[in-house]
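Colleague: Dropping the structure in here first, questions after.
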Amino acid sequence: MSAAPTVVLDAAQLARSLKRIAMEIAERSGDDDNLVLVGIVRRGAKLAERIASELRVDGKRQVPVGTLDISSYRDDGKGSPGDPRLIGRDIPFSLDGKRVVLVDDVLYTGRTVRAALDAISDLGRAESVQLAVLVDRGERELPIRADFVGKNIQAPDGQRVYVRLSEIDGADSVVIGERK
Amino acid sequence: MAQLAKIDVVSIEDLQTSEIERIFELADEYSEELARGGQITSAAGLIMATLFYEPSTRTRLSFESAMHRLGGAVISSADMQASSAAKGESLADTVRVVSSYADLIVLRHPHDGAARVAADYASCPVLNAGDGSREHPTQTLCDLYILRRKKGHLKGLTVALCGDLKFGRTVHSLIYALARFGANIVAVPTAGMDVPRYVLERLASERNYSFSTVTMDELKGLAGGLDALYLTPSAPHQMALFTGDEDIRQIPSAEPPAALDAFYVTRLQKERMTGKEINSSEYVRFDARALKTSRTQAAVVMHPLPRTNELAYELDSDPRAVYFEQAAAGVPVRMALIAWLIENSEPPGRGARAVAVPIRFKGETLPPRCANANCISRFEGAYLRPRFTLARGADSSVLALKCDFCERELKIEFVGHVRSRRYYRYDDTLQGYVRQWIEEGSLAVFESVKQAEESGYEPYKRGPQRDIMKADEVARAVDLLADQMIADLPDLTSVSMVGVISRGAILALRLRDLIESKTKIRPPCAALDVYSPADALNPIDGSDEFNVEGRTVVLIDDVINSGWTVQRAMATIWRRGRPAAVKLAVLIDRGHRAVPIRPNYCGKNIPTSRSERVQVRLAAPDADGKSKANDRVMIYSIVEPLKETEPAS
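Quick mapping for you: the protein sequence lines, in order, are chains Y and A. Per our numbering, residue 19 is the first one in the first sequence, and the count goes up by one each step. Per our numbering, residue 28 is the first one in the second sequence, and the count goes up by one each step.
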């Protein structure tokens with residue numbers, strides 16, 4: 019490691035970002051009770067649960083949460099560069115007529131989101147799909163954009179954005195560091 | 028030599044109640060005969076072929092044993108996945124060929140509705156030994172047979188179904204059958220493994236039948252008595268009126284029954300899940316405690332086997348644990364079913380059952396795609412066109428169609444009339460017309476307004492129309508798009524252009540020509556049809572092939588609205604390969620996005636209301652300057668039929 023990782027969001031800032039995303043989702047969906055959250059495993063799923071709990075506590079509304087497991091493609095130069103694809107899902111409710119908010123931790127190339135859209139459209143006829151991400155780091159390869167963004171980050175080439183969540187990593191933070 | 032009637036048993040519903048009773052009589056006879064060690068030759072000379080596209084020990088061996096015990100012969104393929112299916116042979120061809128080797132086919136297949144397809148194409152009878160997460164009728168016959176043998180009758184029994192009620196196909200068949208025989212059902216699903224809605228809807232619409240669902244926690248409370256459980260009354264709950272607004276599961280039930288007659292516990296179907304829907308440790312575990320209450324002491328415990336952890340081994344010695352008898356009944360019951368087919372081959376035989384006639388979609392009007400991602404119609408290729416019948420939908424604002432293979436309902440928003448070339452947003456005032464169109468074979472259905480218009484349909488009635496861009500403005504916007512692309516794309520030699528049929532493809536060729544005149548680089552060009560199921564991406568620049576792998580693909584459409592078209596177009600591109608990047612170019616962005624997609628290049632933003640339509644007119648690529656002078660962008664509103672009939676106030 020040449021440079022120390024830069025902290026972009028600390029635990030308190032991360033919590034505020036999520037709260038704001040939850041508020042925006044609540045505002046934009048009005049009284050619509052067709053709202054559902056679908057998180058992308060692993061960290062997007064945890065974030066979706068946290069947003070659901072914000073909506074439960076502040077908005078007094080119960081929003082169903084499902085998950086999509088989409089494997090990330092190999093970017094280590096070894097093997098064939100397969101794109102992200104669906105490897106599992108846990109959506110124990112119908113998506114017909116639902117307003118789906120897809121939740122992920124980092125939006126980068128857009129390839130994971132594209133695979134997630136395919137999976138959602140295969141599952142039924144959702145009314146709409148909106149995208150909520152904690153971090154948008156730009157550098158899109160596909161015409162995908164987020165509807166709700168916690169923070170926009172410009173990360174230098176070769177650097178990576180790491181979202182750490184207490185459920186998985188022991189503590190909450192977003193840092194930029196060297197690619198491991 | 029005996030012969031078999033061409034009666035396919037794909038679903039338990041293929042057998043009438045009296046026929047099931049006759050099969051049980053035969054099963055009783057065979058059980059006794061087997062116990063006596065008698066020699067049976069009813070099926071001598073007949074050959075059964077077992078085609079198992081999915082592993083199974085029990086079902087397969089019991090079918091094969093049944094045929095041998097009847098004096099018939101069995102042929103089989105060790106592993107269908109590894110043989111013809113792996114070579115890409117269609118299910119239709121396989122069963123056609125096998126029909127000429129055998130008198131009876133037993134099929135197990137991973138896709139929903141596969142047995143229906145096999146039955147259609149095989150000249151001999153097909154018995155479904157499980158297709159996807161749908162039905163497993165012979166297992167159901169065994170279940171009913173054991174219940175009847177243990178309890179003496181089926182009518183009025185109260186059966187608790189526990190565990191995985193979502194993927195458990197044995198359970199779906201059993202539910203339909205119990206409803207038919209007038210038994211009561213209590214569903215006790217593991218969290219998230221509820222009986223699918225289409226099963227409930229079918230019970231409600233076809234049998235006017237419903238049942239209660241209780242949670243696993245309430246079931247665990249059984250030790251304290253059944254009072255906490257609200258079960259259906261001792262006759263099946265008859266609903267006077269079933270409305271779509273009411274959640275079927277929440278329909279109140281009457282007083283609890285005196286006692287439970289059976290517990291039917293299912294296995295967690297790991298192989299049918301796409302993810303980790305549930306943790307195995309959260310699954311039901313059934314032990315002797317549940318049988319100790321006054322209301323459950325007479326209940327038998329059933330399980331389709333194999334079990335995993337859901338049944339405690341301590342139960343095995345309890346006389347009320349009947350799952351091994353259930354498995355043993357597999358042979359005499361399957362013998363009885365085959366013998367019943369032989370019986371019916373003799374005159375007078377059995378009349379054909381009334382079946383709903385599938386809707387004909389004529390000529391170029393394509394049937395829609397089945398909504399079930401595991402439906403056989405989505406795997407078998409072009410020969411198997413999706414097939415639908417009219418469903419009795421609960422929601423009157425959409426047209427409900429039922430897939431003829433997997434029975435999943437599909438909700439249609441836009442319908443069209445083939446001869447007048449008009450399309451309509453469906454509502455119940457159109458019901459009469461649609462039925463008439465179905466009879467005439469003149470119904471078309473569309474997923475979206477875009478699909479309707481791409482198919483050459485006009486809205487039933489359009490409001491005033493106005494031009495918002497004339498030919499010179501269209502030309503300037505196209506020029507602007509080309510400039511945006513040239514400025515943004517670092518290496519035009521790595522660019523491939525894909526236009527969405529039809530106007531997106533015309534636009535792609537115009538952009539290609541502009542880019543060539545400005546940069547001397549001529550990117551390859553293809554047209555993409557989002558509504559054509561196979562082979563939907565074809566070159567339109569005279570070349571033989573079109574590559575997306577590693578290319579920067581510029582996807583081009585005339586108007587972007589919801590964005591679902593772009594999502595489908597990208598899905599088609601990804602089936603061909605992995606592009607380095609995809610950029611989106613549109614002439615008009617009219618807003619109302621329903622997916623998180625944003626164009627990279629846009630000719631003009633035109634804010635619109637939802638009831639408005641934007642129509643782009645572009646002259647064909649080989650047209651002269653004069654027709655190009657007619658290029659237009661128009662906006663008009665759709666007057667929906669319902670609104671027109673509203674009285675003026």
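Don't be surprised by glycine CBs; every beta carbon is placed ideally from N, CA and C.
Can you check whether the CB of Y:R107 is closer than 9 Å to the CB of Y:A137?
Modeller: Result yes, Cβ atoms of Y:A137 and Y:R107 sit closer than 9 Å.
Colleague: Leaving out five residues on either side along the sequence, give the residues of the same chain with a beta carbon under 6 Å from the beta carbon of A:G577.
Modeller: If we look at A:G577 and ignore the five residues flanking it on each side, its Cβ neighbours are A607.
Colleague: Between which two residues does the alpha helix (DSSP H) carrying A:Q166 extend?
Modeller: Its alpha helix (DSSP H) spans residues P164 to K178.
Colleague: Count Cβ pairs between the segment 638-657 of chain A and the segment 512-524 of chain A that sit closer than 8 Å; are there 3 or more?
Modeller: Counting Cβ pairs under 8 Å, fewer than three are found: no touch.
Colleague: Shorter than 9 Å from the beta carbon of A:P623 to some beta carbon of chain Y?
Modeller: Yes, A:P623 counts as interfacial toward chain Y.
Colleague: Where do the N-terminal and C-terminal ends of the alpha helix (DSSP H) with A:E407 fall, by residue?
Modeller: A:E407 -> no alpha helix (DSSP H), and no H or E assigned at all.
Colleague: What residues in its chain sit with their C-beta under 8 Å from that of Y:I208, if we drop five residues either side in the sequence?
Modeller: Past the boundaries of the shown model lies residue 208 of chain Y; chain Y is included only from 19 to 198, so the question cannot be answered.
Colleague: List, in chain order, every chain A residue whose beta-carbon is nearer than 7 Å to that of Y:G142.
Modeller: In chain order: A398.
Colleague: Just the C-alpha distance for A:A383 and A:S232, rounded to the nearest angstrom, thanks.
Modeller: Cα to Cα, A:A383 sits roughly 15 Å from A:S232.
Colleague: Among the residues of its own chain, which have a CB less than 7 Å from the CB of A:V226, if the five just before and after it don't count?
Modeller: Result list for A:V226: H199 and I202, in chain order.
Colleague: Quick one: what does DSSP say A:G302 is sitting in, helix, strand or coil?
Modeller: Unreliable positioning characterises A:G302 in this predicted model, as indicated by a pLDDT of 47, which lies under 50. A coordinate reading is not provided.
Colleague: By the three-class DSSP mapping on this structure, what secondary structure does Y:K7 have?
Modeller: Limits of chain Y in this structure are 19 at one end and 198 at the other, which puts residue 7 of chain Y out of reach.
Colleague: Does the beta-carbon of A:I275 have 16 or more other beta-carbons within 10 angstroms, so that it is buried, or is it exposed?
Modeller: With a pLDDT of only 37 at A:I275, under the threshold of 50, the placement of this residue in the model should not be trusted, and no figure is reported.
Colleague: Please list, in chain order, the chain A residues whose beta carbon lies closer than 8 Å to that of Y:E159.
Modeller: Within 8 Å Cβ-Cβ: A607, A608 and V609.
Colleague: Look at the alpha carbon of A:V586 and the alpha carbon of A:R396, and state the distance between them as a whole number of angstroms.
Modeller: Computed Cα separation, rounded: 24 Å.
Colleague: To the nearest angstrom, how far is it from the Cα of A:R595 to the Cα of A:G531?
Modeller: Rounded to whole angstroms, A:R595 to A:G531 spans 14 Å at the Cα level.
Colleague: What is the DSSP secondary structure of A:P283, reduced to helix, strand or coil?
Modeller: Reliability fails at A:P283, whose pLDDT of 47 lies under 50, so the model's placement of it is uncertain and the value that follows must be treated cautiously. It is coil, neither helix nor strand.
Colleague: To the nearest whole angstrom, what separates the beta carbons of Y:Q220 and Y:I162, a pair I think is in contact under 8 Å?
Modeller: Limits of chain Y in this structure are 19 at one end and 198 at the other, which puts residue 220 of chain Y out of reach.
Colleague: Does the contact criterion of 3 or more C-beta pairs under 8 Å hold for the segment 80-92 of chain A versus the segment 129-147 of chain A?
Modeller: Result yes; three or more Cβ-Cβ pairs closer than 8 Å.
Colleague: Quick one: is A:P517 near chain Y, going by C-beta distance under 9 Å?
Modeller: No, A:P517 does not count as interfacial toward chain Y.
Colleague: Should Y:Q148 be flagged as near chain A, meaning a C-beta pair shorter than 9 Å?
Modeller: Closer than 9 Å: yes.
Colleague: Where does the unbroken beta strand (DSSP E) through A:F415 begin, and where does it stop?
Modeller: Unbroken beta strand (DSSP E) run through A:F415: F415 to L417.
Colleague: Round the Cβ separation of Y:D122 and Y:G62 to the nearest angstrom and send it over; I've been treating them as touching at under 8 Å.
Modeller: With 8 Å as the limit, Y:D122 and Y:G62 qualify as a contact, their Cβ atoms being about 4 Å apart.
Colleague: Taking 9 Å as the threshold (C-beta atoms), are A:K655 and A:A498 in contact?
Modeller: Yes, the pair counts as a contact, with Cβ atoms nearer than the cut-off.
Colleague: Secondary structure at A:D584, three-state DSSP: helix, strand or coil?
Modeller: In this structure, A:D584 counts as strand in the three-state DSSP scheme.
Colleague: Give me, in chain order, the residues of the same chain whose beta-carbon lies closer than 7 Å to that of A:G618; leave out the 5 immediate sequence neighbours on both sides.
Modeller: P634 and T635, listed in sequence order.
Colleague: Figure out for me which residue from A:R87, A:R207, A:E337 and A:S92 has the closest Cα to the Cα of A:S104.
Modeller: The option with the nearest alpha carbon to A:S104 is A:R87.
Colleague: Output, in chain order, the set of chain A residues within a Cβ distance shorter than 9 Å of Y:S139.
Modeller: W591, Q594, R595, A598 and V622, listed in chain order.
Colleague: Give me the residue from Y:D187, Y:L160, Y:G156 and Y:V179 with the minimum Cα distance to A:I600.
Modeller: A:I600 has its Cα closest to that of Y:L160, out of Y:D187, Y:L160, Y:G156 and Y:V179.
Colleague: Is A:P359 close to chain Y, meaning its C-beta is less than 9 Å from at least one C-beta of that chain?
Modeller: It does not: the Cβ of A:P359 has no partner Cβ on chain Y nearer than 9 Å.
Colleague: Our contact map puts A:P223 next to A:D35 with C-beta atoms below 8 Å; I'd like the distance itself, whole angstroms only.
Modeller: Actually they do not touch by this definition, with Cβ atoms about 23 Å apart.
Colleague: Inspect the beta-carbon positions of A:S117 and A:D139 and report whether they are closer than 9 Å.
Modeller: No, these two residues do not count as a Cβ contact at 9 Å.
Colleague: Assign A:K477 to one of three DSSP states: helix, strand, or coil.
Modeller: In this structure, A:K477 counts as helix in the three-state DSSP scheme.
Colleague: Once you ignore the five residues that flank A:I173 on each side, which residues in its own chain have a CB closer than 7 Å to its CB?
Modeller: Excluding positions up to five away in sequence, the list reads M329, V349, E352, Q353 and A356.
Colleague: I need the DSSP call for Y:E185, collapsed to helix, strand or coil.
Modeller: Three-state DSSP puts Y:E185 in a helix.
Colleague: Provide the residue span of the alpha helix (DSSP H) that contains A:E233, from first to last.
Modeller: R224 to R234 is the extent of the alpha helix (DSSP H) around A:E233.
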